[in-house]
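Chains A and B, in that order, give the protein sequences. Mapping to the UniProt record's numbering: the first sequence position 8 is 8, numbers consecutive. Mapping to the UniProt record's numbering: the second sequence position 72 is 72, numbers consecutive. Each remark here refers to the structure printed beneath this line.
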Amino acid sequence: MIGVVDYGMGNLHSVMKALERLGSEAFLSGDPAELQKADKLILPGVGSFRDGMQELKTRKLDTFLTSWKNDGRPLLGICLGMQLLFEASEERGETAGLAFLPGRVRLFPAGNWKVPHMGWNQLTVSKPDHPAMFGVDGGHVYFVHSYVVELGDAAADVAHTYYAGMTVPAVVAQGDVWGTQFHPEKSSVVGMAILKNFLHHKGGPSRD
Amino acid sequence: MLTKRIIPCLDVKEGRVVKGVQFVNLRDAGDPVELASFYDREWADELVFLDISASHEGRETMVDVVEEVAGTLAIPFTVGGGINSLDDMKRILRAGADKVSLNTAAVNRPELVREGADFFGTQCIVVAIDAKWDESLRSWRVYTHGGRNASAWEVKDWAAHVVSLGAGELLLTSMDQDGEKNGFDVNLTRTVSQHVDVPVIASGGAGKKEDFYEVFTDGEADAALAASIFHYKETSVAQVKSYLKEKGLDIR
């Protein structure tokens, strides 16, 4: 059973629909007691980092997610949900994140490119053997974001893309905490493959 | 590199796709969900649904269509037509659309763009601009109400204004080229694209695959939208994309 974390940050419908399409049983909740019953969690989200953290805290989901992560249970962050997994963001003032992964979130630098980074961009896979990448050897996925993660540990890079003169982390992972900067639920076959890999991933407390 | 996007546009009236779509292999060519899946399989990068319902009931039906489409489509889609308020935007986005497109309502009350962007984020708000060359302006003039009414806005000024209010993308239709199949209005597209720092979708005039190449290169468009050439199978999304790839453009 997949729990999709509802913390008021929109766009949950398309994630739920994608899970349904993949034949997965999923439920939506913002209640830690309910989410505790899930085997895996997905943290989606669209909006600002500051609002996202605030909404997590209001619902006591920050402490819940921390203990979830400490128990080694599988978690997938998508878009803003992925950025929240890092230590801090400069979006609308410095804000601390969940700090499950080392790194910071900053605005794309200004230059001869458009911000947000919006559209289909190509994946370069750094870790072809990672379980998230099963059956995925590149291909294009759909991004919409104005802020970008600067990894504190290059080992978390599973796949990336290039934009605005930067290497943009696209799939990140450390243990059973995974994240995608793009929207797998809107990324056609490649995105659905990555979502499926998370659903089939044998994670859990016994690992590591 | 970000790829250039190819976007088929579907006109929806009272919950059905209209405008003589010709798909022999489909069970029911008027079904938005089936057509959406068809274009998804053809590697369309995105879809636009334009609600042309005449009645309130028709617009309510659109919400059901959006919900159903969202359940089958694994690519982004935008819904436009008759969106006049923040409540309209909420209904469509909550039903599962990724973006809403505002046109006449934005000209009538530009603050609506800001309200939408503040509430949902700029990435959700597309402003559709219908533009027509105006000799007295020595530029293009913005029209509303499906091209029936001239506004006071010059196209560059209007584009910059809506971007400053929070439009995340512009859907720019050339009224001079629309339906002519003589190619996109490259000058109009380039003029607007150079003037703003958000993506510009070129629309109006697509007749053959070479037209897409021209508007992506000379026109500096980020995406190109077409309806009839895809619906009538004069060419396919896949054919256009493989041609553009051969020509060296970044295409998914």
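Just so you know, even glycine gets a beta-carbon here, dropped at the ideal spot from N, CA and C. The structure displayed is predicted, hence computed values, not measured ones.
Closest Cβ-Cβ distance between glutamate 90 of chain A and chain B: below 8 Å? Residue 90 of chain A sits at position 90 when you count from the first residue of the first sequence. With 8 Å as the cut-off, glutamate 90 of chain A does not count as an interface residue toward chain B.
Tell me whether the segment 69 to 89 of chain B and the segment 181 to 194 of chain A touch, counting them as touching only if at least three CB pairs, one residue from each stretch, are closer than 8 Å. A contact exists between the segment 69 to 89 of chain B and the segment 181 to 194 of chain A.
Within-8 Å CB hit, valine 125 of chain A to chain B: Position 125 of the first sequence, counted from the start, is the residue given in the question as residue 125 of chain A. So, not an interface residue.
Quick one: using the 10 Å Cβ neighbour count with 16 as the cut-off for buried, is arginine 141 of chain B buried or exposed? Taking the second sequence and counting its residues from 1, the one referred to as residue 141 of chain B is at position 141. The C-beta of arginine 141 of chain B has 16 or more other C-beta atoms within 10 Å across all chains shown, which makes the residue buried.
Beta-carbon separation of alanine 38 of chain A and glycine 3 of chain A under 8 Å? Here residue 38 of chain A refers to the residue found at position 38 of the first sequence. Here residue 3 of chain A refers to the residue found at position 3 of the first sequence. A contact, by the Cβ cut-off of 8 Å.
Cβ neighbour criterion (16 or more within 10 Å) applied to serine 174 of chain B: Within the second sequence, numbered from 1, the residue matching residue 174 of chain B stands at position 174. Result: buried.
What are the partner residues of threonine 78 of chain B, as DSSP defines its beta bridges? Translated into positions along the second sequence, residue 78 of chain B becomes position 78. Beta-bridge pairing links threonine 78 of chain B to B:Val48 and B:Lys99.
Between A:Ala164, A:Gln54 and A:Pro74, which has its C-alpha nearest phenylalanine 114 of chain A's C-alpha? Locating residue 114 of chain A in the first sequence gives position 114, counting from the first residue. For the sequence presented, residue 114 of chain A should be read as lysine rather than phenylalanine. Here the closest residue by C-alpha is A:Ala164.
Scan the segment 193 to 204 of chain B for residues whose Cβ lies nearer than 8 Å to a Cβ of chain A and list them as they occur along the chain. Here the close residues are Asp197, Val198 and Pro199.
Taking C-beta pairs closer than 8 Å, name the residues in chain B that serine 14 of chain A reaches, listed in chain order. Your numbering for residue 14 of chain A matches position 14 in the first sequence. Residues of chain B passing the Cβ test: Ala70, Gly96 and Asp98.
With 16 as the cutoff for other CB atoms within 10 Å, does serine 136 of chain B come out buried or exposed? Indexing the second sequence from 1 puts residue 136 of chain B at position 136. Residue burial is scored here from C-beta neighbours: serine 136 of chain B has fewer than 16 other C-beta atoms within 10 angstroms and is therefore classed as exposed.
Under the three-state DSSP convention, the category leucine 131 of chain B falls into: Stepping through the second sequence from its first residue, residue 131 of chain B is reached at position 131. What sits at residue 131 of chain B in the sequence shown is alanine, not leucine. DSSP places alanine 131 of chain B in strand when its eight states are reduced to three.
Count the CB pairs spanning the segment 98 to 115 of chain B and the segment 162 to 178 of chain B that are closer than 8 Å, and state whether there are at least three. A contact between stretches requires three or more CB pairs, one per stretch, nearer than 8 Å, and the segment 98 to 115 of chain B meets this requirement with the segment 162 to 178 of chain B.
Please classify valine 17 of chain B as buried or exposed, where buried requires at least 16 neighbouring CB atoms within 10 angstroms. Reading the second sequence from its first residue, position 17 is the one you call residue 17 of chain B. Sixteen is the threshold: when 16 or more other Cβ atoms of the shown chains lie within 10 Å of the Cβ of valine 17 of chain B, as they do, the residue is buried.
When you check each C-beta in the segment 75 to 96 of chain B against every C-beta of chain A, which residues fall closer than 8 Å? Cβ contacts with chain A: Ile75, Pro76, Leu93, Arg94, Ala95 and Gly96.
Mind listing, in chain order, the continuous alpha helix (DSSP H) runs of no fewer than 4 residues lying wholly within the segment 157 to 199 of chain B? Taking only runs of at least 4 residues, the alpha helix (DSSP H) segments lying wholly in the segment 157 to 199 of chain B are 186 to 195.
Please classify asparagine 121 of chain A as buried or exposed, where buried requires at least 16 other C-beta atoms within 10 Å of its C-beta. For the purposes of this step, residue 121 of chain A is taken as the residue at position 121 of the first sequence. Buried.
Is there a C-beta anywhere in chain B that falls below 8 Å from the one on glycine 81 of chain A? Stepping through the first sequence from its first residue, residue 81 of chain A is reached at position 81. Interface residue (Cβ-Cβ distance to chain B less than 8 Å): glycine 81 of chain A is not classified as such.
Check whether the Cβ atoms of lysine 208 of chain B and threonine 235 of chain B sit closer than 8 Å, and answer yes or no. Here the question's residue 208 of chain B lines up with position 208 in the second sequence. Here the question's residue 235 of chain B lines up with position 235 in the second sequence. Taking 8 Å as the Cβ cut-off, lysine 208 of chain B and threonine 235 of chain B qualify as a contacting pair.
If you draw a straight line from the alpha carbon of phenylalanine 27 of chain A to that of leucine 19 of chain A, how long is it in whole angstroms? Within the first sequence, numbered from 1, the residue matching residue 27 of chain A stands at position 27. Within the first sequence, numbered from 1, the residue matching residue 19 of chain A stands at position 19. Cα to Cα, phenylalanine 27 of chain A sits roughly 10 Å from leucine 19 of chain A.
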